[in-house]
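> Provided herewith is a single structure, encoded as structure tokens, for subsequent inquiry.
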Amino acid sequence: MDIFETTQGAVRGFRASGEVVAVLGIPYAAPPFGAHRFREPAPAAPWTGVRDGTAFGPVAPQSAELPGAPVWSPGDEDVLTVNVWTPAPDGGSLPVLVWIHGGAYTFGSSAQPDFDGHALARAGLVVVTLNYRLGFEGFGHVPATGPAADGTAHPDNRGLLDQVAALRWVRENIAAFGGDPGNVTVAGQSSGAASIACLMVMDRAHGLFHRAVLHSPASPCYTPGIAAATTREVAAAAGRPATPEGLAAATPQDLVTASDQVVDDYRRDPASGSRHYDPSLYAPVLDGDVLPTDPLTGIAEGAGRDVDLLVCHTTEEYWLLDAVGSCAKVTTGEQLERFAEDFGTPEGLVAGYRAALPDAPVLDVYLAVFGDLLFGEYACRLAEQHARAGGRTFLSRFDRRRTGPDGAVRAWHCADVPFAFGNIDKECAAFLIGGAPTSADHHLAARMVGAWAGFAATGEPGWPPFDAATGRPEVWRTDDTDEGDGPAPLRALWAQAEFPLLRA
Numbered sequence: 001m002d003i004f005e006t007t008q009g010a011v012r013g014f015r016a017s018g019e020v021v022a023v024l025g026i027p028y029a030a031p032p033f034g035a036h037r038f039r040e041p042a043p044a045a046p047w048t049g050v051r052d053g054t055a056f057g058p059v060a061p062q063s064a065e066l067p068g069a070p071v072w073s074p075g076d077e078d079v080l081t082v083n084v085w086t087p088a089p090d091g092g093s094l095p096v097l098v099w100i101h102g103g104a105y106t107f108g109s110s111a112q113p114d115f116d117g118h119a120l121a122r123a124g125l126v127v128v129t130l131n132y133r134l135g136f137e138g139f140g141h142v143p144a145t146g147p148a149a150d151g152t153a154h155p156d157n158r159g160l161l162d163q164v165a166a167l168r169w170v171r172e173n174i175a176a177f178g179g180d181p182g183n184v185t186v187a188g189q190s191s192g193a194a195s196i197a198c199l200m201v202m203d204r205a206h207g208l209f210h211r212a213v214l215h216s217p218a219s220p221c222y223t224p225g226i227a228a229a230t231t232r233e234v235a236a237a238a239g240r241p242a243t244p245e246g247l248a249a250a251t252p253q254d255l256v257t258a259s260d261q262v263v264d265d266y267r268r269d270p271a272s273g274s275r276h277y278d279p280s281l282y283a284p285v286l287d288g289d290v291l292p293t294d295p296l297t298g299i300a301e302g303a304g305r306d307v308d309l310l311v312c313h314t315t316e317e318y319w320l321l322d323a324v325g326s327c328a329k330v331t332t333g334e335q336l337e338r339f340a341e342d343f344g345t346p347e348g349l350v351a352g353y354r355a356a357l358p359d360a361p362v363l364d365v366y367l368a369v370f371g372d373l374l375f376g377e378y379a380c381r382l383a384e385q386h387a388r389a390g391g392r393t394f395l396s397r398f399d400r401r402r403t404g405p406d407g408a409v410r411a412w413h414c415a416d417v418p419f420a421f422g423n424i425d426k427e428c429a430a431f432l433i434g435g436a437p438t439s440a441d442h443h444l445a446a447r448m449v450g451a452w453a454g455f456a457a458t459g460e461p462g463w464p465p466f467d468a469a470t471g472r473p474e475v476w477r478t479d480d481t482d483e484g485d486g487p488a489p490l491r492a493l494w495a496q497a498e499f500p501l502l503r504a
């Protein structure tokens, strides 16, 4: 029987495959509701006896229903939990990899099947995945009034504070699972990767991890003014005043429903500015306290210089968002020009993309620009700034493509994650990777798992560190991918673009 002692009490895991033991749903903080709602995470209460760790904990409030993953139900409160996969249940000192899921800061969970940690554990890592507060609960701005006028009672960036609390749990408990608290790598994708970029510049997270893996980090952070305006919109949709009392009187379900309504309003209104195209309401807030500066600026100034950094982006990021219907369609030249104006892209950028993609329909040009705007260019700049500031940096690009039963299989957003986790055989991965994996896919997955494992263990993913002068990344392709067919980032066109992207 595999029982582990944590600082809160004993927990029982199960052997799901070979020597790997999984322990699921371990609280790292108290349920963030009731007296703890909109506040910093509080310590988890201790328990007596042996807690069962054979099922994932509840997911954070959200409306998403993701394939193979549990859904949130009103009344689910114990949402701040971690899961551990260990190949060393009898002790050891293995490198640790902590995964922070993405989902536009609004949806997702550690229970998604593609985040199963068995393959990475078999590669010699102790793997930890975690849930954190999402949507308004985690990233909504709660105005400070009365005795809380200094903002300490209801801080911004509560989701980031949850992640810090989970990393503290790892530092205090991971040795009991065979992990080395002095060798922790934190990894994430999309908003999970962007969260880690924030952690790299946050004093509260300093020293809690030693390496970072960022796949497709999303660029936006919001100013306090943007966050406050969003709060007013969501509160109005919920029929509540935008005050601490009014927001607290709204249930988590009320705020999820209201947020979805505000998103739908932006989607329906082409004149609503940049949020019309991809209405993500929530992002880290540049509050000057929890998040003292935007990650790109902080990293350029040397924050996180002591953290080894591995960055990856895909070559066709935004085609996924189009495929799942989460972004506006842009199909005419007039719409494309309006999109460029709404985002303030540099003069000539769209024309440069159209020249580079002369036979592509307008929709594909738009998706190429949007993907580089939100993910590709930002990822490259993070790597460049970290390297220039003296940090040890690795950059890669995911360009695995093929032709499937329904046509071209894109190297789009999220497609790299099942490969890096070694989970390409899971049913949930079929849509992301375009059907059943081939032998070439398995070879690529083994290489990517090995790169993550090597980086987490020693800081060496298998290729030389990034040189900001040459800027050559490692490119992930299958053996049967034609190098000449894939799109390449049009970096020169972005030279005059200002980042970070702060959009209303």
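So for the sequence shown, the UniProt record's numbering puts the first residue at 1; every next one is plus one. Beta carbons are placed, not taken as given, at the ideal position from N, Cα and C, and that holds for glycine.
(1) Give the secondary structure of I100 by DSSP, where H, G and I count as helix, E and B as strand, and everything else as coil.
(2) Please determine if the segment 211-229 and the segment 295-310 are in contact, where contact requires at least 3 C-beta pairs separated by less than 8 angstroms.
(3) For D406, count neighbouring C-beta atoms within 10 Å of its own C-beta (all shown protein chains included) and say buried if the count is 16 or more, exposed if not.
(4) Round the Cβ separation of A456 and T129 to the nearest angstrom and send it over; I've been treating them as touching at under 8 angstroms.
(5) Any chance you could list the alpha helix (DSSP H) runs of at least 4 consecutive residues sitting entirely within the segment 428-499, in chain order?
(6) If we call anything under 8 angstroms between Cβ atoms a contact, is A42 one with A29?
(7) I need the DSSP call for P95, collapsed to helix, strand or coil.
(8) Look up L395 in the DSSP assignment and give the residues it is bridged to.
(9) If I measure Cβ to Cβ from A383 and keep anything under 6 angstroms in the same chain, skipping five residues before and after, which residues do I get?
(10) Decide if the segment 116-136 is in contact with the segment 253-264; the criterion is three or more beta carbon pairs, one per stretch, under 8 angstroms apart.
(11) With a threshold of 7 angstroms on Cβ separation, who are the neighbours of S191 within its own chain once the five nearest residues in sequence on each side are excluded?
(12) Can you tell me whether DSSP reads S195 as helix, strand or coil?
(13) Whose CA, out of A387, T243, L296, lies closest to the CA of P220?
(14) Can you give me the Cβ contacts of F499 inside the same chain, cut-off strictly under 8 angstroms, excluding the 5 residues immediately before and after it?
(15) Could you compute how far the alpha carbon of A356 sits from the alpha carbon of W319?
(16) Could you tell me how far apart the beta carbons of V285 and P224 are, in whole angstroms, since I believe they sit closer than 8 angstroms?
(17) Excluding the 5 residues flanking D441 on each side, which residues of the same chain have their C-beta closer than 8 angstroms to its C-beta?
(18) Using only alpha-carbon positions, find the residue among A10, V164, W99, A389 that is nearest to G207.
(19) Quick one: give me the first and last residue of the alpha helix (DSSP H) that N173 is part of.
(20) Using the rule of at least 16 other Cβ atoms within 10 Å of the residue's Cβ for burial, across every protein chain shown, is H154 buried or exposed?
(21) Are at least three pairs of beta-carbons, each pair with one atom in the segment 175-183 and one in the segment 272-280, less than 8 angstroms apart?
So, from the listed chains and residues:
(1) Locating residue 100 in the sequence shown gives position 100, where the first residue counts as 1. DSSP places I100 in strand when its eight states are reduced to three.
(2) yes
(3) Taking the first residue of the sequence shown as 1, we reach residue 406 at position 406. So D406 counts as exposed.
(4) If you number the sequence shown from 1, residue 456 lands on position 456. If you number the sequence shown from 1, residue 129 lands on position 129. About 14 angstroms separates the two Cβ atoms, so there is no contact after all.
(5) 430-433, 439-458
(6) Within the sequence shown, the letter at position 42 stands for residue 42. Within the sequence shown, the letter at position 29 stands for residue 29. It is a contact, given that the beta carbons lie within the stated cut-off.
(7) Here residue 95 refers to the residue found at position 95 when the sequence shown is read from its first residue. Here P95 sits in strand by DSSP.
(8) Taking the sequence shown and counting its residues from 1, the one referred to as residue 395 is at position 395. L395 is bridged to V311.
(9) Within the sequence shown, residue 383 is the residue found at index 383, counting from 1. Excluding positions up to five away in sequence, the list reads V311, T393, L395, F466.
(10) yes
(11) Residue 191 sits at position 191 when you count from the first residue of the sequence shown. Result list for S191: G102, G103, A104, Y105, A218, in chain order.
(12) Here residue 195 is taken as the residue at index 195 of the sequence shown, counted from 1. Here S195 sits in helix by DSSP.
(13) Counting from 1 along the sequence shown, the entry for residue 220 is found at position 220. It is L296 whose Cα lies nearest to the Cα of P220.
(14) As a working note, residue 499 is residue 499 in the sequence shown. Hits under 8 angstroms: S219, L296, E377, Y378, R381.
(15) Here residue 356 refers to the residue found at position 356 of the sequence shown. Here residue 319 refers to the residue found at position 319 of the sequence shown. One C-alpha to the other measures close to 18 angstroms.
(16) For this step, residue 285 is matched to residue 285 along the sequence shown. For this step, residue 224 is matched to residue 224 along the sequence shown. Indeed they touch by this definition, with Cβ atoms about 6 angstroms apart.
(17) Locating residue 441 in the sequence shown gives position 441, where the first residue counts as 1. Counting only Cβ-Cβ distances below 8 angstroms, and skipping sequence neighbours, we find R400, F419, I424, I433, T478.
(18) Your numbering for residue 207 matches position 207 in the sequence shown. The option with the nearest alpha carbon to G207 is V164.
(19) Counting from one through the sequence shown, the residue named residue 173 turns up at place 173. That run of the alpha helix (DSSP H) goes 158-173.
(20) Here the question's residue 154 lines up with position 154 in the sequence shown. When all chains shown are included, H154 counts as buried.
(21) no
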